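Data block below; observations after.
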Amino acid sequence: MAVTAPTLHDSRADLVQDAARLTRIRPASREETDAVALALLSLLGDLPDGSPDRDRVRGRLIELYLPLAKYLAQRFRNRGEPLDDLVQVANVGLIQAVDGFDATRGAAFTSYAIPMISGMLKRHFRDRCWDVRVPRRVQELRQQINRVTETLTHTLGRSPTVADLAAAVDATEEEVIEALEAGSAYKALSLDAPVGGDDQGVTVLGDMLGHDDTGLELAEAREALRPLLARLPAREQTIVAMRFHGGCTQSQIATELGISQMHVSRLLAGALTTLRNGLLAG
11 MAVTAPTLHD SRADLVQDAA RLTRIRPASR EETDAVALAL LSLLGDLPDG SPDRDRVRGR
71 LIELYLPLAK YLAQRFRNRG EPLDDLVQVA NVGLIQAVDG FDATRGAAFT SYAIPMISGM
131 LKRHFRDRCW DVRVPRRVQE LRQQINRVTE TLTHTLGRSP TVADLAAAVD ATEEEVIEAL
191 EAGSAYKALS LDAPVGGDDQ GVTVLGDMLG HDDTGLELAE AREALRPLLA RLPAREQTIV
251 AMRFHGGCTQ SQIATELGIS QMHVSRLLAG ALTTLRNGLL AG
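Going left to right, the sequence shown walks through residues 11 to 292 as the working numbering numbers them.
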């Protein structure tokens, strides 16, 4: 099928006829699609601003390359983003390519549109798909590392080390480690996610995390009490130990020591007052 592009010398009536003719063509191959697209792009540049045919030609151009945008979007699937969202992003890139293409340069539209659409998809992942915001330099370094890893694996016959990767991307080992660790920021895990080989989900990620040890709050007080307890008379030390370490009642302590319960109560109260005052003074 031969498709001729309109020229700047065409009359207004000719441009309208070309717009009507070209927008009705249904190309059957990639070559025909490119030919029709080039003619439409040339026509789009010739149509005057405000012409109702501009929107029709522009819409037909976008329609012709929607399958290309979808194909490019599918190359980025399985990265945590719904395919429908990626297709929408690719369509925006396609629209920008149609609006920014200069047909007078003679280049194929796809050579301009593909990088534009792919760049839009990459920016979408870079700017919106990180659960934890990662600096752009780290994201770009991580992409470099991903590209060279497979090549180094084939070249070296083994998995590349951090030093190998650092030399390949001209970065320090610390920067490479930072970029590799940034992968965990790409997608967060739920604390309810099962871990290990537990098919029933009894053990979840949250169970693997540490918790505050309430005993640590009393550790300082225990250490401060040691010298204060040592300064108590022997009988008061015994009473305090039996009451708070042995769990004995005052009656049991009185029977054990051969004194009255009232005497035990007075000695215990006095010992606790001495310890309390010592802690407050310290």
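In this text, a Cβ means the ideal position worked out from N, Cα and C, and glycines have one as well.
This one's a predicted model, so the numbers in the text were calculated from it and none came from an experiment.
Neighbourhood of residue i by C-beta, 7 Å cutoff - its chain only, sequence neighbours within 5 removed
i, result
"ILE127", "ALA79, LEU82, ALA100, GLY103, LEU104 and ALA107"
"ALA113", "LEU48, LEU51, SER52 and GLY55"
"GLN154", "VAL179"
"SER169", "THR163"
"TYR122", "ALA107 and PHE111"
"THR182", "ALA176"
Three-state class that DSSP yields for residue i in the structure shown
i, result
"PRO204", "strand"
"ALA23", "Its pLDDT being 44, under 50, ALA23 is placed unreliably in this model, and the value from its coordinates should be taken loosely. Of the three classes helix, strand and coil, the one that applies to ALA23 here is helix, per DSSP."
"LEU282", "helix"
Option in the options with minimal Cα separation from residue i
i, options, result
"ASP202", "ASP217, PHE86, LEU190 and GLU188", "ASP217"
"GLY116", "GLY288, GLN271, LEU235 and LEU48", "LEU48"
"GLY110", "LEU71, ASP223 and ARG157", "LEU71"
"GLY268", "ALA251, ARG245, ALA279 and ILE187", "ARG245"
"PHE86", "ALA229, ALA123, ILE124 and PHE135", "PHE135"
"THR120", "HIS255, ALA279 and ALA45", "ALA45"
"GLY280", "LEU242, ARG157 and ILE124", "LEU242"
Beta-carbon proximity of residue i to residue j, cut-off 9 Å
i, j, result
"LEU238", "THR171", "no"
"GLU185", "LEU151", "yes"
"ARG253", "ILE263", "yes"
"VAL250", "LEU282", "yes"
"SER261", "GLN247", "no"
"ARG149", "ALA192", "Note on residue identity: the sequence assigns Gln, not Arg, to residue 149. Yes, the Cβ-Cβ distance between GLN149 and ALA192 is below 9 Å."
"LEU131", "LEU96", "yes"
Cβ-based neighbour list, residue i, same chain, cut-off 6 Å, excluding 5 preceding and 5 following
i, result
"ASP208", "Residue confidence for ASP208 is low, a pLDDT of 49 falling below 50, so the modelled location carries little weight; the figure read from the coordinates is stated next. Cβ within range, chain order: n/a, list empty."
"THR259", "none"
Same chain only: Cβ atoms within 8 Å of residue i, ignoring 5 sequence neighbours per side
i, result
"LEU166", "ASP174"
"LEU93", "ALA83, GLN84 and ARG87"
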